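First residue of the sequence shown? That's 33 in this note's numbering, and the numbers climb one at a time after it. Even glycine gets a Cβ: it sits at the ideal position worked out from N, Cα and C. If you're wondering where the values come from, they're calculated on a predicted model, not measured in any experiment.
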Amino acid sequence: MRAEIEAIVDEIEQGMALLRRHLDWDASQQRMAELNGFVEDPTLWNDPERAQKIMRERTDLESRINGYLQLERDLKDSVELIELGEMEDDQTVVADAETTLKGLKDEVVRQQIESMLSGEADGNDAYLEVNAGAGGTESQDWANMLLRMYTRWAEKRGFKVELLEHHDGEEAGIKSATIQVKGHNAYGWLKTESGVHRLVRISPFDSQARRHTSFSSVWVYPVVDDKIEVDVSEADVRIDTFRASGSGGQHVNTTDSAVRITHIATGIAVACQSERSQHKNRATAWQMLRARLYEVELKKREEKAMADAAGKTDIGWGHQIRSYVLQPYQLVKDLRTGHESTDPASVLNGDLDSFMESTLAQRAFGKQPIDIKDVD
Numbered sequence: 033m034r035a036e037i038e039a040i041v042d043e044i045e046q047g048m049a050l051l052r053r054h055l056d057w058d059a060s061q062q063r064m065a066e067l068n069g070f071v072e073d074p075t076l077w078n079d080p081e082r083a084q085k086i087m088r089e090r091t092d093l094e095s096r097i098n099g100y101l102q103l104e105r106d107l108k109d110s111v112e113l114i115e116l117g118e119m120e121d122d123q124t125v126v127a128d129a130e131t132t133l134k135g136l137k138d139e140v141v142r143q144q145i146e147s148m149l150s151g152e153a154d155g156n157d158a159y160l161e162v163n164a165g166a167g168g169t170e171s172q173d174w175a176n177m178l179l180r181m182y183t184r185w186a187e188k189r190g191f192k193v194e195l196l197e198h199h200d201g202e203e204a205g206i207k208s209a210t211i212q213v214k215g216h217n218a219y220g221w222l223k224t225e226s227g228v229h230r231l232v233r234i235s236p237f238d239s240q241a242r243r244h245t246s247f248s249s250v251w252v253y254p255v256v257d258d259k260i261e262v263d264v265s266e267a268d269v270r271i272d273t274f275r276a277s278g279s280g281g282q283h284v285n286t287t288d289s290a291v292r293i294t295h296i297a298t299g300i301a302v303a304c305q306s307e308r309s310q311h312k313n314r315a316t317a318w319q320m321l322r323a324r325l326y327e328v329e330l331k332k333r334e335e336k337a338m339a340d341a342a343g344k345t346d347i348g349w350g351h352q353i354r355s356y357v358l359q360p361y362q363l364v365k366d367l368r369t370g371h372e373s374t375d376p377a378s379v380l381n382g383d384l385d386s387f388m389e390s391t392l393a394q395r396a397f398g399k400q401p402i403d404i405k406d407v408d
């Protein structure tokens with residue numbers, strides 16, 4: 033084989049060796065056997081919640097194992113085709129197999145990134161909050177665009193989305209909103225999106241058609257389950273009730289069914305207005321608060337672990353992570369990784385996987401972020 037092809041094969045093999053270690057191959061095979069035993073137990077569905085967790089874990093692990101085995105088969109077949117093509121001097125076969133190899137190289141990287149989603153809460157569902165920045169209608173419209181973008185992304189992945197809280201803008205858009213995204217690894221993927229998002233466009237609300245810059249923040253935190261204990265008492269919080277906004281029926285709009293809970297020590301506040309019942313909204317708000325406090329603790333651990341990493345950045349309202357430029361040119365650029373797209377319409381329609389993957393890869397492999405001054 034040519035040296036170029038041998039280099040690609042070697043890179044794929046190295047990536048697969050790393051992927052196998054990430055999977056902890058022997059332990060994964062043993063766990064798969066245990067899960068298959070659970071599935072074959074006729075009493076499994078006597079406890080539906082436990083059964084669903086087992087089935088989700090089995091499906092995920094089976095997908096990871098089969099994905100690796102498919103890589104092995106495809107690599108072996110491609111190498112054999114190249115050797116056969118070279119023996120018969122058939123450059124078409126060689127070229128086709130080489131194209132397949134390049135695709136395998138990308139697939140190995142994708143599976144490596146997927147294997148990075150093994151953090152304490154990565155497999156959990158996620159809460160996602162969007163808040164409009166200063167700028168009135170412009171920023172409120174941008175916040176609504178972001179909410180739609182993440183909803184579309186979740187739907188494309190087959191995740192379920194539930195709107196928990198929202199406050200409409202004065203003229204258009206939203207001041208804030210919170211959704212719950214339900215699906216395997218929802219938090220693992222969405223955690224890369226926390227930060228400030230910047231939009232540059234010709235304002236549809238400006239009669240002089242001037243270019244405006246708007247900011248909105250996104251905050252993501254995991255839904256905590258019964259296995260995760262977060263101690264917080266009513267003495268540590270302030271609970272307020274208020275009238276729900278937006279559509280939802282006469283009862284929702286005429287009674288104080290919405291609930292906001294503020295953690296006094298940290299200032300963290302959560303709100304829920306998705307149900308007609310104040311009791312149900314209160315229960316959901318408590319769950320959201322515990323999740324926020326848990327996410328803060330996770331972030332502290334992560335920052336401590338990454339204290340010496342070259343790519344370390346702070347995540348919060350004051351840190352821009354991505355710029356979406358619609359005029360005078362078309363560009364979406366991530367300020368942490370340098371990854372970009374010249375198709376903002378697709379990105380705003382939920383095509384976010386490549387941005388999430390590049391950020392996860394940066395965390396895993398230590399790629400350097402770019403300077404914010406490089407982006408208009």
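Applying the 10 Å Cβ sphere with the 16-neighbour rule, what's the burial state of residue i?
{"i": "S306", "result": "buried"}
{"i": "R53", "result": "exposed"}
{"i": "A65", "result": "exposed"}
{"i": "A129", "result": "buried"}
With which residues is residue i paired in a DSSP beta bridge?
{"i": "R292", "result": "D272 and A303"}
{"i": "I211", "result": "L160 and L195"}
{"i": "G227", "result": "V250"}
{"i": "H244", "result": "R233"}
{"i": "L67", "result": "L67 is not bridged to any residue."}
{"i": "K365", "result": "S355 and E372"}
{"i": "D200", "result": "I206"}
Out of the options, state which residue places its alpha-carbon closest to the alpha-carbon of residue i.
{"i": "S378", "options": "M388, V364, L325 and A65", "result": "V364"}
{"i": "K312", "options": "S208, N381, L196 and Y326", "result": "L196"}
{"i": "V228", "options": "G69, A158, S171 and L116", "result": "S171"}
{"i": "H216", "options": "T169, G151, H295 and R233", "result": "G151"}
{"i": "E104", "options": "L384, R270 and L51", "result": "L51"}
{"i": "T294", "options": "D268, R308 and E66", "result": "D268"}
{"i": "R34", "options": "F70, G117 and H199", "result": "G117"}
{"i": "K331", "options": "W251, E389 and D58", "result": "W251"}
{"i": "S265", "options": "R322, D79 and K134", "result": "R322"}
{"i": "Y253", "options": "R324, T169, R189 and M87", "result": "R324"}
{"i": "D157", "options": "V111, D138, A166 and L222", "result": "L222"}
{"i": "A218", "options": "N68, Y159, D200 and V232", "result": "Y159"}
{"i": "H244", "options": "T169, W185, L178 and I296", "result": "T169"}
{"i": "T316", "options": "E329, E327, S289 and I296", "result": "S289"}
{"i": "W185", "options": "R395, T391, L384 and A393", "result": "L384"}
Quick check: what's the CA-CA separation for residue i versus residue j?
{"i": "K192", "j": "D106", "result": "33 Å"}
{"i": "K214", "j": "G220", "result": "12 Å"}
{"i": "E372", "j": "A204", "result": "29 Å"}
{"i": "G99", "j": "D109", "result": "15 Å"}
{"i": "Q310", "j": "G155", "result": "30 Å"}
{"i": "D263", "j": "V256", "result": "12 Å"}
{"i": "G348", "j": "S239", "result": "Residue placement at G348 cannot be trusted, given a pLDDT of 38 that sits under 50; the coordinates are not used to answer."}
{"i": "D375", "j": "M119", "result": "43 Å"}
{"i": "T224", "j": "G370", "result": "14 Å"}
{"i": "E72", "j": "M87", "result": "11 Å"}
{"i": "G299", "j": "V232", "result": "31 Å"}
By the three-class DSSP mapping on this structure, what secondary structure does residue i have?
{"i": "Q352", "result": "strand"}
{"i": "E327", "result": "helix"}
{"i": "E372", "result": "strand"}
{"i": "N78", "result": "helix"}
{"i": "H216", "result": "coil"}
Counting only beta-carbon atoms, is residue i nearer than 8 Å to chain D?
{"i": "E89", "result": "The structure shown has no chain D; it contains just one protein chain."}
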